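Chemist: Supplied in structure tokens, the structure appears directly below.
Residue numbers (the numbering used here), protein chains in the order written: chain Z, 7 to 170; chain E, 717 to 1131.
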């Protein structure tokens, strides 16, 4: 899969509450509305200007805090093609895989990428192409890649149960 | 080479020896979900299964917005009640019973050696009772309802050894904030933490819980302690499931080891807007406060109430401060009510709320106004956490919260 867009770059410890505020977890459930509040408490410009294929870049511990899945899914609904970080918080990483959102780890790419620059990611080759060059990210563990390839945990579970 | 508790519990589940980094598929003993069960049930039906795989594996507890703040929350609760009835999920606790992480152990759903998952990040809490417990996402809970399985990575383990006697009034919360400040919000990312040492062995059940509850705040997958005698006595009255305590081998390999001596520990505080932005309370002494949130799964048990009541007895909360009190559960509420403490808190000017998560994720019951400062006994102070990104949340122990409520400013209780 090829992901092409612009970079939205943020710092370390981007938490689930600034990605998808807790006060919306039971009240904002429509996917279009979820996209509108994505990153509301971190960057009010994001939801208004994000385009399909754009990539979020964070530092360490991206997605720390709550287990809320909407912090991953609202980015999918807003068109984000991938998230690149130095490290991901554990449950957030799982939620991304389960929602089919590529969560890529590359400290070098994070250091090199600049806010607003163009980026192209080849998920099959494991390559990030940007102004500073080409960066490699490690593949998903083989036990988990099936979930991602199926399009997420729900299609994967259907397949496992012979329902999809 | 010896094994850590995580390698042992997860290994028992798959019936073979496992090593850190290995990914395994397991069937949990217990799977907990809360108000998010409505969304989980919709995802579950999307899979195309009609019947929950093992209804008795699941525990459903309503606590995140209780009673319902508006029609959306009300519909959400209604969907959950219908779902548990239809699916025969017997372990269901409606809005009056309390915060999920408290109710889980009060009602006997937690035991040493158990493998527990919950669609809530603070599921790490149950390690205080010797369980391996980790937070998961909503879709994962729906998949467990459908086929009873989840993948887990066997984590490396960090050992945190604590010794020394706490100075008068300094508590587990101060210790946990100190640990968060030193190790950092991502210091235990993907790792299990084993808390041990003479201080941990001597701590009360409620105090030990503070540490494993907040293990997730430093990134941990699970927190763990060998159950001490107080814990075993507590569980004896409640758990019907047979259990055996699982201990790490003496020659188990730990990824890293930290030592903390509490004998000179000061009251600590996490400043806005992160849990590792920690300083001694004395450094921010005098900061004006508008609200105190005494509640949450971290610090709202009977021992916390005793501390707060002893501070407020016969006195008045400062006229510029709103002090909101949320017992962790119905059981805690009834206990402190019978002791007469609720009367004393009301006389001191506190607002008594029902057991539940309250304003902890900004749903209702005490959202601060722009520019306001809240002292909270909870576990998270992210920007906007209590429902307003223009407010400032400081995390403290119950004693610091109560003493500061009297003067309307952050106080070092040792003065």
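All C-beta atoms, glycine included, are put in the ideal place defined by N, C-alpha and C. Predicted model only: the values in this text are computed from it and were never measured.
What residues of chain E sit near residue 62 of chain Z, judged by a beta carbon separation below 8 Å?
Modeler: Counting from one through the first chain, the residue named residue 62 of chain Z turns up at place 56. Per Cβ cutoff of 8 Å: no residues; residue 62 of chain Z is ~17 Å from chain E at best.
Chemist: Under a three-way DSSP split, which group does residue 1007 of chain E fall into?
Modeler: Translated into the one-based positions of the second chain, residue 1007 of chain E becomes position 291. Note: residue 1007 of chain E maps to strand in three-state DSSP.
Chemist: Just to make sure I have the definition right: I need the residues of chain Z whose C-beta is within less than 7 Å of the C-beta of residue 781 of chain E. Which are they?
Modeler: Taking the first residue of the second chain as position 1, residue 781 of chain E is located at position 65. Under the 7 Å cutoff, chain Z gives 32.
Chemist: What are the start and end residues of each continuous alpha helix (DSSP H) run of 4 or more residues lying completely inside the segment 723–790 of chain E, in chain order?
Modeler: 753–763
Chemist: I'd like the list of long-range same chain contacts for residue 70 of chain Z, defined as Cβ closer than 6 Å, with 5 residues on each side in sequence excluded.
Modeler: Counting from one through the first chain, the residue named residue 70 of chain Z turns up at place 64. The answer, listed in chain order, is 19, 21 and 95.
Chemist: Helix, strand or coil for residue 139 of chain Z? Go by DSSP, reduced to three states.
Modeler: To locate residue 139 of chain Z, count along the first chain from 1; it is residue 133. DSSP places residue 139 of chain Z in strand when its eight states are reduced to three.
Chemist: Going by alpha carbons, who is nearest to residue 894 of chain E out of E:939, E:912, E:918 and E:995?
Modeler: Along the second chain, one-based indexing puts residue 894 of chain E at 178. Cα-wise, what sits closest to residue 894 of chain E is E:995.
Chemist: Grab the span of the alpha helix (DSSP H) containing residue 897 of chain E for me, first residue to last.
Modeler: Position 181 of the second chain, counted from the start, is the residue given in the question as residue 897 of chain E. Taken as a continuous stretch (DSSP letters only), the alpha helix (DSSP H) holding residue 897 of chain E covers 888–899.
Chemist: If you compare alpha carbons, which of E:1097, E:1020, E:858 and E:1083 is closest to residue 766 of chain E?
Modeler: Within the second chain, numbered from 1, the residue matching residue 766 of chain E stands at position 50. The shortest Cα separation from residue 766 of chain E among E:1097, E:1020, E:858 and E:1083 belongs to E:858.
Chemist: Tell me the DSSP secondary structure of residue 126 of chain Z in three-state form.
Modeler: Taking the first chain and counting its residues from 1, one reaches residue 126 of chain Z at position 120. Strand.
Chemist: Considering only residues of the same chain and omitting the five flanking positions on each side of residue 1125 of chain E, which have a CB-CB separation below 7 Å?
Modeler: The residue labelled residue 1125 of chain E in the question sits at position 409 within the second chain. By the criterion of a C-beta distance shorter than 7 Å, residue 1125 of chain E is surrounded in its chain by 1002, 1003, 1004 and 1005, once the five residues flanking it on both sides are discounted.
Chemist: If distances are taken between C-alpha atoms only, which option among E:833, E:956 and E:829 comes closest to residue 817 of chain E?
Modeler: Position 101 of the second chain, counted from the first residue, corresponds to residue 817 of chain E. Comparing Cα positions, the closest option is E:833.
Chemist: Based on the DSSP secondary-structure assignment, which residues constitute the bridge partners of residue 144 of chain Z?
Modeler: In the first chain, the residue the question calls residue 144 of chain Z occupies position 138. In DSSP, residue 144 of chain Z forms no bridge with anything.
Chemist: Taking only beta-carbon atoms, is residue 906 of chain E less than 7 Å away from chain Z?
Modeler: Numbered from 1 along the second chain, position 190 holds the residue referred to as residue 906 of chain E. Residue contact check for residue 906 of chain E against chain Z: a CB pair falls below 7 Å.
Chemist: Quick one: measure Cβ to Cβ for residue 755 of chain E and residue 854 of chain E, integer angstroms, because I've assumed they're closer than 8 Å.
Modeler: Residue 755 of chain E sits at position 39 when you count from the first residue of the second chain. Residue 854 of chain E sits at position 138 when you count from the first residue of the second chain. Confirmed, Cβ separation roughly 6 Å.
Chemist: Going along the chain, which residues of its own chain have a beta-carbon closer than 7 Å to the beta-carbon of residue 116 of chain Z, five neighbours each way excluded?
Modeler: Taking the first chain and counting its residues from 1, the one referred to as residue 116 of chain Z is at position 110. So the list reads 63, 65, 90, 91 and 92, once near-sequence residues are dropped.
Chemist: Mark residue 1063 of chain E as exposed unless 16 or more other C-beta atoms lie within 10 angstroms of its C-beta, in which case mark it buried.
Modeler: For this step, residue 1063 of chain E is matched to residue 347 along the second chain. Classification of residue 1063 of chain E: exposed, given that the 10 Å Cβ count is below 16.
Chemist: Buried or exposed for residue 1060 of chain E, please, with buried defined as at least 16 other CB atoms from any protein chain shown within 10 angstroms of its CB.
Modeler: Counting from one through the second chain, the residue named residue 1060 of chain E turns up at place 344. By the neighbour-count rule (16 or more Cβ atoms within 10 Å), residue 1060 of chain E is buried.
Chemist: Contact defined as beta carbons within less than 8 Å: I believe residue 121 of chain Z pairs with residue 34 of chain Z. What is the distance between those atoms, to the nearest angstrom?
Modeler: As a working mapping, residue 121 of chain Z is identified with position 115 in the first chain. As a working mapping, residue 34 of chain Z is identified with position 28 in the first chain. About 26 Å; that fails the 8 Å criterion.
Chemist: For residue 132 of chain Z, which option in Z:124, Z:141 and Z:125 has the closest C-alpha, if you only look at C-alpha atoms?
Modeler: Your numbering for residue 132 of chain Z matches position 126 in the first chain. For residue 132 of chain Z, the nearest C-alpha among the options comes from Z:141.
Chemist: Ignoring anything shorter than 4 residues or poking outside the segment 924–1007 of chain E, list the alpha helix (DSSP H) runs there in chain order.
Modeler: With a minimum length of 4 residues, the continuous alpha helix (DSSP H) runs that stay inside the segment 924–1007 of chain E are 945–952.
Chemist: According to DSSP, what are the bridge partners of residue 1039 of chain E?
Modeler: Position 323 of the second chain holds residue 1039 of chain E. Beta-bridge pairing links residue 1039 of chain E to E:1008.
Chemist: Just reading off the alpha helix (DSSP H) that residue 53 of chain Z is part of, what are its end residues?
Modeler: Residue 53 of chain Z sits at position 47 when you count from the first residue of the first chain. Looking at the DSSP string, the run of the alpha helix (DSSP H) that includes residue 53 of chain Z is 50–55.
Chemist: With DSSP as the reference, identify every bridge partner of residue 910 of chain E, one or two as the case may be.
Modeler: Reading the second chain from its first residue, position 194 is the one you call residue 910 of chain E. The partner list for residue 910 of chain E (beta bridge, DSSP) reads E:875 and E:940.
Chemist: Since residue 859 of chain E is in the alpha helix (DSSP H), which residue starts that stretch and which ends it?
Modeler: In the second chain, counting from the first residue as 1, residue 859 of chain E sits at position 143. Taken as a continuous stretch (DSSP letters only), the alpha helix (DSSP H) holding residue 859 of chain E covers 854–863.
Chemist: Which residues mark the beginning and the end of the beta strand (DSSP E) in which residue 8 of chain Z is found?
Modeler: As a working mapping, residue 8 of chain Z is identified with position 2 in the first chain. Its beta strand (DSSP E) spans residues 8–15.
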